[in-house]
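In this note's numbering, the protein residues as written are 24 to 259.
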DNA sequence: GCGACAG
DNA sequence: ATCTTGTCGC
């Protein structure tokens with residue numbers, strides 16, 4: 024891989040310059056191998072933010088049962104947190120730990136859904152795009168809120184979506200993944216078109232707001248679940 | 001110069 | 001992201 028990609032501990036200005044350079048290497052057309060496994064990735068924090076916790080969930084892709092997908096593997100990888108959250112520079116804070124989790128995965132997926140933006144980013148390099156370059160895999164960004172770009176109101180029916188645009192370009196989609204719930208922001212990361220990104224997200228959508236890969240990774244990365252269990256154990 | 005601002 | 005109980009609604 025390129026040496027420039029190995030840079031992590033950068034000053035904000037240097038990181039911004041690197042993003043502009045890396046964004047030019049993104050492939051926004053489909054280059055995807057036949058999909059047999061889809062991975063979902065998300066990051067959580069522990070120790071009041073001192074520890075970064077990366078979660079990757081590997082699902083078996085089966086169009087016959089989708090969106091019900093079998094969980095093949097679950098990885099939780101911890102590392103000391105290396106930098107604070109800075110809007111626009113999220114990937115420099117979270118990707119190192121994410122890579123550690125992917126290294127522990129026994130099977131390499133053909134597609135990855137990431138909690139965060141793809142190219143719907145000021146410099147077209149959200150965490151999903153950045154991770155896609157690192158893994159050299161097709162990635163899709165599935166964010167729960169907007170970082171960049173503007174859009175019209177989204178229809179209220181499940182499946183309705185509107186373009187997310189910036190500087191006259193379409194950089195993603197605002198998707199009503201579930202009725203009566205805030206829409207999600209879908210954007211291609213690497214080796215993917217927006218149309219294909221939306222197709223995969225919708226195929227992985229159950230009755231929930233988030234597609235299965237991201238929903239499960241979210242649950243694994245968050246401490247909410249285990250905290251609940253701790254309380255239940257103490258009280259019993 | 002004044003806001004906005006993934007997780 | 002995280003701290004946190006109950007509570008309103010399908």
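Yeah, the Cβ is synthetic: ideal placement off N, Cα and C, and Gly gets one too.
Once the 5 residues before and after residue i are set aside, which same chain residues still bring their CB inside 8 Å of it?
i           : result
residue 90  : 226, 227, 228, 229, 234, 235
residue 102 : 74, 75, 77, 119, 120, 123
residue 275 : Here the chain comprises residues numbered 24 to 259, so residue 275 is not present and cannot be evaluated.
residue 104 : 68, 72, 73, 74, 75, 116
Looking at residue j and residue i, is the spacing between their C-beta atoms short of 8 Å?
i           : j           : result
residue 145 : residue 171 : yes
residue 216 : residue 49  : no
residue 224 : residue 177 : no
residue 174 : residue 154 : no
residue 128 : residue 204 : no
residue 62  : residue 81  : yes
residue 239 : residue 95  : no
Between residue i and residue j, what straight-line distance do the alpha-carbon atoms span, to the nearest angstrom?
i           : j           : result
residue 180 : residue 59  : 30 Å
residue 26  : residue 36  : Confidence in residue 26 is poor, its pLDDT being 49 and thus under 50, which makes the residue's placement unreliable; the coordinate value appears in the next sentence. For residue 26 and residue 36, the distance between alpha carbons rounds to 18 Å.
residue 243 : residue 47  : 33 Å
residue 202 : residue 222 : 18 Å
residue 190 : residue 55  : 28 Å
residue 130 : residue 248 : 26 Å
residue 97  : residue 43  : 33 Å
residue 147 : residue 83  : 30 Å
Among the options, which one has its Cα closest to the Cα of residue i?
i           : options            : result
residue 149 : 156, 155, 140      : 140
residue 213 : 223, 142, 61       : 142
residue 106 : 130, 81, 72        : 72
residue 100 : 204, 46, 117       : 117
residue 110 : 218, 248, 200, 168 : 168
residue 85  : 44, 57, 245        : 57
residue 30  : 189, 62, 157       : 157
residue 209 : 237, 244, 202      : 237
Apart from the five residues just before and just after residue i, which ones in its own chain have a Cβ nearer than 7 Å to its Cβ?
i           : result
residue 38  : 112, 115
residue 241 : 65, 138, 233
residue 33  : 41, 115
residue 246 : 67, 69
residue 211 : 51, 141, 142, 163, 217, 220
For residue i, which residues from the same chain have a beta carbon less than 6 Å from its beta carbon, with the 5 sequence-adjacent residues on both sides left out?
i           : result
residue 200 : 207, 228, 232
residue 152 : 49, 141, 142, 212, 213
residue 198 : 184, 206, 207, 209
Is residue i near the ligand SAH, judged by its Cβ being under 7 Å from some heavy atom?
i          : result
residue 42 : The ligand SAH is not part of the structure shown, which contains no ligands of any sort.
### Task
Decide yes or no for the touch test of the segment 74 to 92 against the segment 157 to 171: beta carbon pairs closer than 8 Å, at least 3 of them.
no
### Task
Answer yes if the segment 188 to 203 comes into contact with the segment 126 to 137, meaning at least three C-beta pairs across the two stretches below 8 Å, and no otherwise.
no
### Task
Evaluate contact between the segment 181 to 191 and the segment 115 to 124, counting only Cβ atoms and requiring at least three cross-stretch pairs below 8 Å.
no
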